[in-house]
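All the letters of the sequence shown, read from the start, carry residue numbers 68 to 305 under the numbering used here.
Glycine residues also receive a C-beta, built at the ideal position from the N, C-alpha and C atoms.
It should be emphasised that the depicted structure is a prediction, and the values quoted were computed from it without experimental measurement.
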Amino acid sequence: MAAACLTVALGASGARPAAAPSSQQLRSSSSQISRGAPLVAAVPRSSSGSFEPRRQRAAPLRIDALLGNRKWWEVKSPPNVIHISSVQQMVDTMATAGDRLVIVDFFAPWCAACKGIYPKLMKLMEERPDVLLLAVNFDENKTLVKALGVKVLPYFMFYRGAQGKLEGFGASAKKLHLIQEAIDRHTTERCYLPGSEEQPVLPEFPNVAPSGKSKLSGSNGVVPAPLRAVAAAPQPVA
68 MAAACLTVAL GASGARPAAA PSSQQLRSSS SQISRGAPLV AAVPRSSSGS FEPRRQRAAP
128 LRIDALLGNR KWWEVKSPPN VIHISSVQQM VDTMATAGDR LVIVDFFAPW CAACKGIYPK
188 LMKLMEERPD VLLLAVNFDE NKTLVKALGV KVLPYFMFYR GAQGKLEGFG ASAKKLHLIQ
248 EAIDRHTTER CYLPGSEEQP VLPEFPNVAP SGKSKLSGSN GVVPAPLRAV AAAPQPVA
């Protein structure tokens with residue numbers, strides 16, 4: 068029955084049923100079929116006999132399994148890295164930072180430069196547990212990002228104690244040394260005149276006051292003078 072059907076398909080009417088053609092003959096015949104009758108393309112095999120497309124599709128699944136479906140900015144964060152989700156959380160965290168240097172890292176999930184510098188930045192934070200890094204996701208904190216005047220990503224702002232904002236700049240993975248130099252520059256021993264407790268932690272959000280005095284891991288647990296740069300002249304050492 069199979070030979071008869073094959074004979075009809077090949078148009079050999081009235082002829083004696085032929086033997087089943089070889090795979091080479093079938094490929095030759097299929098090349099003569101018009102384009103109007105699409106065929107199912109053969110799947111190329113590797114030298115080992117396995118299907119290449121199937122093996123390629125399995126690779127991303129293995130990677131996802133290893134990462135646990137975590138996003139790239141959630142893969143590894145040392146204890147001194149805090150992901151900010153609101154203005155209130157940022158104010159509370161900065162208010163309890165004490166005299167520690169605070170770096171605010173503005174990034175976005177779709178930012179290739181942000182993704183490139185992330186692992187190096189996390190390694191740097193592991194080496195500097197005395198520094199606090201606040202990671203601000205642009206997509207989740209647009210009000211905060213725009214109020215602070217951030218226009219490029221990734222962008223880094225540096226705050227410390229009563230001196231408030233020290234500086235801010237953009238940096239890629241190739242310019243990580245700029246962040247390292249800023250950390251060395253702003254973590255030197257210094258004295259401060261006390262600031263006014265009536266001043267806001269973030270001048271851009273004067274109506275957002277710290278919600279409490281909870282102790283931050285690694286800080287001295289004392290709510291410092293606001294981080295606004297007022298009355299910040301160094302006090303002479305006797």
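Within the stretch 142 to 191, the complete alpha helix (DSSP H) segments at least 4 residues long are 154 to 162, listed from N- to C-terminus. Taking 8 Å as the upper bound for CB-CB distance, Lys232 and Tyr226 are in contact here, some 6 Å apart. Where Lys232 is concerned, the enclosing beta strand (DSSP E) starts and stops at Gly231 to Gly237.
In the three-state reduction of the DSSP assignment, Arg227 falls in the strand class. Counting along the chain, Leu215 sits inside no beta strand (DSSP E), nor does DSSP assign it H or E at all. Residue environment analysis places Ala179 among the exposed positions, since fewer than 16 neighbouring C-beta atoms fall within 10 angstroms of its C-beta. A residue is called buried when at least 16 other Cβ atoms come within 10 angstroms of its Cβ; Asp206 does not meet this threshold and is exposed.
By alpha-carbon distance to Pro186, the top candidate from Gly228, Lys138, Ser152 and Asp166 is Lys138. Asn147 counts as buried, since at least 16 other C-beta atoms from the protein chains shown sit within 10 angstroms of its C-beta.
Partner residues in the beta bridge of Asn204, as assigned by DSSP, are Phe174.
Put simply, the backbone Cα of Glu141 is about 11 Å away from that of Met189. Our two residues, Glu193 and Ser144, have alpha carbons roughly 9 Å apart in a direct line.
In this structure, DSSP gives Leu245 a helical state, which the three-state scheme calls helix. The beta carbon of Pro196 is closer than 6 Å to those of Asn147 in its chain, skipping five residues each way along the sequence.
A Cβ-Cβ contact shorter than 7 Å links Phe223 with Asp172. Partner residues in the beta bridge of Leu199, as assigned by DSSP, are Val169. When the Cα atoms are used, Val154 and Val212 turn out to be separated by approximately 10 Å.
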